[in-house]
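Notes follow once the structure below has been shown.
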Amino acid sequence: MKAIGNIYLSWRRGKSSRRYLVGILKRNASEGVRFEYDKIEVEKAKKDGFTPYVDFPNVDEVYKTNVLETFGQRLMKKERSDVQSFYDFWEIDERYKDDVYYMLAYTQGMLSTDNFEFLADFQPTTDISFVTEIAGLSSREIFAGTVKVGDILKHEKEPTNKFDPNAVKILKDSIHLGYIKKVHCRIFNKKNADKLRITVKGIEQNGRVNRIFVKIAF
498 MKAIGNIYLS
508 WRRGKSSRRY
518 LVGILKRNAS
528 EGVRFEYDKI
538 EVEKAKKDGF
548 TPYVDFPNVD
558 EVYKTNVLET
568 FGQRLMKKER
578 SDVQSFYDFW
588 EIDERYKDDV
598 YYMLAYTQGM
608 LSTDNFEFLA
618 DFQPTTDISF
628 VTEIAGLSSR
638 EIFAGTVKVG
648 DILKHEKEPT
658 NKFDPNAVKI
668 LKDSIHLGYI
678 KKVHCRIFNK
688 KNADKLRITV
698 KGIEQNGRVN
708 RIFVKIAF
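Those letters in the sequence shown? Residues 498 to 715, by this note's numbering.
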């Protein structure tokens, strides 16, 4: 898939905490997939309580075997009865449902049991369509009903952001909802990305909005 570049392993202490890009997965046609830590980010994350991924404990090693087999265990099993709704939500092209690298990129490999995520550096190809989540919602009081599935949201680049020069702010009318996740926001700073649309895909809310998932596509 030309749309997928490198995939970054992200970690954060918990909800509303800062994300650290502690590692990177790179795919090469001849060598397969390798994984290595970003030691600078790891040192920063350790101050928030980070410990290495259990199956890859050595931050100085470049891992070249069993990378996809290990991380692929985080993906939903194809035998589950609700797998089709999972594919539909994450905009999965079923031609690639057996491609673990693709599936980690498109579903982010999130689990309720830890705070790791996989964030792909997507390219603005003509057929790009992926789902991501708005970050920073928990620091804002967004009331239920403010946003609806199908809404088209506005975005503004924020190059002066002290945490990420690629930051992209998301707005519903004049309401600042939050930001596109780290790494995913980079697509808006690439050639021909000016026509990308951000559409609300899913919402979790009770009295207030807790999570907003958005689809990014042309």
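Every residue, glycine too, gets a C-beta built ideally from N, C-alpha and C.
Within the DSSP bridge table, the entry for S626 names A714 as partners.
In the three-state reduction of the DSSP assignment, F619 falls in the strand class, which pools E and B. In this chain, the alpha helix (DSSP H) harbouring K541 covers K536 to K543. Between the C-alpha atoms of D611 and K688 there is a straight-line separation of about 35 Å. Sequence-distant partners of L565 (beyond 5 residues in either direction) whose C-beta falls short of 7 Å from its own C-beta, in its chain, are V530, V597 and Y598. The Cβ-Cβ distance between K541 and Y505 does not fall below 7 Å.
Fully enclosed beta strand (DSSP E) runs of no fewer than 3 residues occupy 665-669, 672-677 and 694-702 of the region 663-713, in order along the chain. Beta-bridge partners of L650 (DSSP): I695.
Across the set T657, D661 and I639, the C-alpha of I639 shows the shortest separation from the C-alpha of L668.
Cα atoms of Q605 and R577: separation of roughly 18 Å, rounded to the nearest angstrom. DSSP, read as helix, strand or coil, puts V580 in helix. Where Y550 is concerned, there is no enclosing beta strand (DSSP E), because DSSP gives it neither an H nor an E. Contact between I501 and A641 does not hold, since the beta-carbon distance rounds to 34 Å and is not under 8 Å.
DSSP places F586 within a helical segment (H, G or I) once states are collapsed to three.
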